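Participant: Please read through the structure below; I'll follow up with questions.
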Amino acid sequence: MADTQQVDPKAERTATRLAHQISAFAKAHGGAEGQVAHIGERGARIVLVGEDGGWGDLVAPSTEIAQQAVEKSGITVHESFDGEFAAKVKTGPYEWKRMAGIQLGG
49 MADTQQVDPK
59 AERTATRLAH
69 QISAFAKAHG
79 GAEGQVAHIG
89 ERGARIVLVG
99 EDGGWGDLVA
109 PSTEIAQQAV
119 EKSGITVHES
129 FDGEFAAKVK
139 TGPYEWKRMA
149 GIQLGG
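Residues 49 to 154 (my numbering) make up the sequence shown, in order.
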């Protein structure tokens, strides 16, 4: 029996675009790992951590599209943003200043 699952062309294009952005991030940072987190009605957040400690994120319209994007990009995906994975993130003076400002009400 043939697979009759419908493919949404817009969702496919979105996943492909996100995969391209993930791959570009990985190339710029010597490789990358990621984690997909559902963020409610907004969709899903793809957190990326480069081998050099650089980090960034992307937002996908759904968890399914986010999962497709990370699969297409070929990066390692973690189930959670646990201590070992989070320890790979390098923060600089800007991030420390922003974190302090938030704590101080700034």
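Even for Gly, the Cβ is constructed at its ideal location relative to N, Cα and C. Values in this document were obtained by computation on a predicted structure and should not be read as measured data.
1. Return the CA-CA distance between Phe133 and Gly101, expressed in angstroms with no decimal places.
2. Relative to the C-alpha of Gly104, which residue among Ser110, Lys138, Arg61, Lys145 is closest?
3. So, with DSSP's three-state summary, where would you put Gly154?
4. Can you tell me whether Pro109 sits near the ligand PLP, meaning its C-beta is under 7 Å from at least one heavy atom of the ligand?
5. Quickly, what does DSSP pair Asp105 with across the bridge? List them, please.
6. Which of the three DSSP states is assigned to Gly82 in this structure?
7. Touching or not, the stretch 117-127 and the stretch 71-86, by the rule of three or more beta carbon pairs under 8 Å?
8. Applying the 10 Å Cβ sphere with the 16-neighbour rule, what's the burial state of Ile87?
9. Can you say whether Gly131 is buried or exposed, counting buried as having 16 or more other CB atoms within 10 angstroms of its CB?
10. From Gly98 to Ala114, what does the alpha carbon distance come to, in whole angstroms?
11. Could you tell me the alpha carbon to alpha carbon distance between Lys145 and Lys136, rounded to whole angstroms?
Facilitator: The structure says:
1. 10 Å
2. Lys138
3. The predicted position of Gly154 is uncertain, since its pLDDT is 49 and thus under 50; a value taken from the coordinates is nonetheless stated next. If DSSP states are grouped into helix, strand and coil, Gly154 belongs with coil.
4. As presented, the structure is devoid of all ligands, the ligand PLP included, so that no description of it is given.
5. Val95
6. strand
7. yes
8. exposed
9. exposed
10. 18 Å
11. 20 Å
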